[in-house]
Amino acid sequence: MGMTLQSEKKQGITLKQLKSQKVLILLSIPFIIYVIIFCYVPLGGWLMAFQNYKPKNGLLHSEFVGLAKFEFLFSNDQFLKVIRNTLAMGVINLVLGTVTAILFAILLSEFRFNRGKKLVQTISYLPHFLSWVIVTGIVFDVLSTENGIVNEILVNLHIIDKPFNFLADPKLFWWIVGFANVWKETGWNSIIYLAAITSISPDLYEAASIDGAGRLAKIWHITLPGIKPTFFILLIMNIGNVLNAGFEVQYLLGNGLVQSVSQTIDIYVLKYGISQADYSLGTAAGIFKSVVSLILIVIANQLAKKMGEEHLF
Amino acid sequence: MTNKYKVPPQIEHNVKSAKDIGKGKNAFLSRRTTGDIIFDTVNLIIMILFTITMLYPLLNTVAVSFNDGTDALRGGIHLFPRMFTWDNYKAVLSKELMPTAAKISVLRTVIGTVTSTFVTALLAYVLSRKNFIFKKQLSLIYVITMYVSGGLIPVFLVYKALGLTNSFAVYILPGMVSAFNMLVIRTYMNGLPESLSESAEIDGAGHMTIFIKIIFPLCMPVIATVALFTAVGQWNSWFDAMLYNRMSDNLTTLQYELMKLLSAVTTSGKGQTAQTMEHASGMVTPTSVRAAATVITSLPIICLYPFLQKYFVAGLTIGGVKE
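Top to bottom, those sequences are chains A and B. Note that this note's numbering gives residue 199 to position 199 of the first sequence, counting from 1, and the numbers run on in steps of one. Take any residue in the second sequence, count from 1 to its spot, add 1000: that is its number in this note's numbering.
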């Protein structure tokens, strides 16, 4: 089979093939035009980052400035802070998200009440389907200084004596974003781990029971190693997304008081690129994000490969 | 900003069927030790706390939405309204842009989902033909788009040049062909027996006939899943409305209107007490109106949720994506 395929390949594309696949080729044409217009033409816009782009001059006649826009970005205190914020929130989201998803999957798989299990599972997925606008509104209500449940509980337990404005404290902002993500996605992210746990052979648990292993020992020695491949694959994929972890919540939840810690690369691009129409600067910041994401995903993949773990490519 | 339901390829083979998920190994836990009892009790408590954390904010929003606005400011509304009223809902529904927003949200969800699912499935069909000579090249130019994109500014300028700003089309066209969904559907199509389309071909059926009459109906499980995620994404997005159609009130969406209500409260800083407004018979506040708007906006999702659930776990496990 492999041989025939190879010999076919050597012959190249014949006129006869072109003719017989006329319909498929015709069907492909709109898809090629589509992807060029919506994906590759914007990619060509990357040129703007190396120019002093002026809409009236267009891409072809704008002044070429080399790496000046990037130099400006990296000598700019505000942009360095923006990178820090994006990375910090990305890492917090990644760590909190992974830990809670694994923990929840394990606890749920060990949950003994079958009907309760279904119910908890169903409820845990629900927030994933709500928009960030709604979830941000909920975060805002829960943390509100006027009747927010968190303040109410803390005051009643005498941990604080008057309502605290959590959303105005720069020290807390990253963690609020992190926990908002946990609230929205823990159930959802746990699905894949639950699937991995389900596929672990029951024989292993049985053998461990006979050897006198307790529940925690079984989790430690069987369940955790069993979900390790899943963990690595998701880790690689999510590491590439670390810089993507910041737009909607930060944009919706941020306010003047926490601006120095809430702004992310995407918000920066929106602010300078669109609102202040500095297209070149905005594009440069966007390129920086894309390139770093690609590099991160390759590094994570190579590391996993070296360690002999599951990897993507 | 996109749906995250990417499933790594290697995990696929681990999953037998969606129904297996969550079924435990309870069979051989018949003899319980003290350790077991402690573990189960702690686990039960954690699960109860978890469920409360998930549900309380949602139920509280519903309670506030049915409560008199000024009365709610006194606090103490938890799971049930204290002074029941429909005023918050009346206030939301009487807002000038609400009927338009609802109409646009429904339209973009329906049109966007139908077109995107059909077109993406058609591309998947073309790329699932085993001997198609440009299969590799066409796949590649789509797969690349999953990893690199022009970014906000270039995309914005291109859409502007295409006349997509201040138009309904901006909700439909840009997301119409999704490389990831295409891979998911194609994987499913590759699993279908080849003899089906071969025998149809012998009978003289063309590719469009084979696609519409044979392959598309057979792919219903994966189509349903992809359609579902597309629909949820369409319904929930607000950023495109803000970025491209801010100037066109007649193209606003429910999520964008809700976002405006939210930012009106957040940017006003600490006080929301001051801005009570009189409406019809009772009093509504920004908070109570927003609660009602939140309930209205999430209602379709909550109603569809039982149906969604059947498909989304399947969707997560179907996505055995190669290449």
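Backbone N, C-alpha and C fix where the C-beta goes; we use that ideal spot for every residue, glycine too.
Measuring straight from C-alpha to C-alpha, what distance separates Thr1117/B and Arg1108/B?
Approximately 13 Å, taken between the alpha carbons.
With 9 Å as the limit, tell me which residues of the segment 156–186 of chain A have their beta carbon closer than that to any beta carbon of chain B; keep them in chain order.
Those would be Asn165, Leu167, Ala168, Trp183, Glu185, Thr186, in chain order.
Please compile the residues from chain B whose C-beta is within a distance smaller than 9 Å of the C-beta of Ile149/A.
Under the 9 Å cutoff, chain B gives Tyr1056, Pro1057, Asn1060, His1078.
When burial is assigned at 16 or more other CB atoms within 10 Å of the CB, is Arg1246/B buried or exposed?
Under this definition Arg1246/B is an exposed residue.
Counting pairs of Cβ atoms below 8 Å between the segment 295–304 of chain A and the segment 105–124 of chain A, do you hit three or more?
Flag = no, the segment 295–304 of chain A and the segment 105–124 of chain A do not touch.
Taking the straight line between their C-alpha atoms, what separation do you get for Asp266/A and Thr1085/B?
About 41 Å.
I want to verify the contact list: residues of chain A whose CB lies under 7 Å from the CB of Ile1133/B, in sequence order.
The answer, in chain order, is Ile13, Gln17, Gln21.
I'd like to know whether the C-beta atoms of Gly45/A and Val1158/B end up nearer to each other than 8 Å.
It is a contact, given that the beta carbons lie within the stated cut-off.
Keeping to the same chain, check which residues put their C-beta closer than 7 Å to that of Ala101/A; ignore five residues upstream and five downstream.
Hits under 7 Å: Thr186, Asn189, Ser190, Tyr193.
Just the Cα atoms here: how many angstroms apart are Gln276/A and Leu1262/B?
The straight-line gap from Cα to Cα measures roughly 24 Å.
If you follow the alpha helix (DSSP H) that Ile1104/B is part of, which residue opens it and which one closes it?
Segment 1098–1128, the alpha helix (DSSP H) holding Ile1104/B.
Quick one: what's got a C-beta closer than 6 Å to Lys305/A's C-beta in the same chain, skipping five residues either side?
Contacts found: His311.
Show which residues of chain A have a CB atom less than 9 Å away from the CB atom of Phe1307/B.
Within 9 Å Cβ-Cβ: nothing; Phe1307/B doesn't reach chain A, min ~12 Å.
Can you give, in chain order, each stretch of the alpha helix (DSSP H) that sits fully within the segment 1019–1097 of chain B and has at least 4 residues?
Fully enclosed alpha helix (DSSP H) runs of 4 or longer: 1034–1065, 1069–1072, 1087–1093.
Consult DSSP for Ala1274/B and reduce its assignment to one of helix, strand or coil.
Note that Ala1274/B scores a pLDDT of 40, beneath 50, so its modelled location is shaky and nothing firm can be said.
Can you list, in chain order, the residues of its chain with a C-beta nearer than 7 Å to that of Glu152/A? Leave out the 5 residues immediately preceding and following it.
The answer is none, since no qualifying residue turns up.
Could you give the DSSP three-state label for Phe1132/B: helix, strand or coil?
Residue state, collapsed to three classes: coil.
Please list, in chain order, the chain A residues whose beta carbon lies closer than 9 Å to that of Ser1298/B.
Simply Phe129, Leu130, Ser131, Ile134.
Give the C-beta separation of Ala285/A and Tyr268/A to the nearest angstrom, bearing in mind that I take them to be a contact with Cβ-Cβ under 8 Å.
Yes, Ala285/A and Tyr268/A are in contact; Cβ-Cβ is about 6 Å, under 8 Å.
Below 8 Å, can you find three or more Cβ-Cβ pairs linking the segment 136–145 of chain A to the segment 162–172 of chain A?
Yes, the segment 136–145 of chain A is in contact with the segment 162–172 of chain A.
Helix, strand or coil: which one does DSSP assign to Val135/A?
Note: Val135/A maps to helix in three-state DSSP.
Taking just the CA atoms, how far does Ile1296/B sit from Val1092/B?
Cα to Cα, Val1092/B sits roughly 9 Å from Ile1296/B.
Grouping DSSP H, G and I as helix and E and B as strand, with all else coil, what is Phe64/A?
Of the three classes helix, strand and coil, the one that applies to Phe64/A here is strand, per DSSP.
Taking the beta carbon of Arg1290/B as the centre, do at least 16 other beta carbons fall within 10 Å, making it buried, or is it exposed?
With 16 or more Cβ atoms within 10 Å of its Cβ, Arg1290/B is classed as buried.
Determine whether the Cβ of His1279/B lies closer than 8 Å to any Cβ atom of chain A.
In this prediction, His1279/B has a pLDDT of 47, which is less than 50 and means its spatial position is unreliable; what the coordinates show is noted afterwards. No, because no Cβ of chain A sits closer than 8 Å to the Cβ of His1279/B.
Along the chain, where does the alpha helix (DSSP H) containing Glu1198/B start, and where does it finish?
Glu1198/B -> alpha helix (DSSP H) spans 1194–1202.
Name, in chain order, the residues that DSSP records as bridge partners for Asn52/A.
In DSSP, Asn52/A forms a bridge with Glu63/A.
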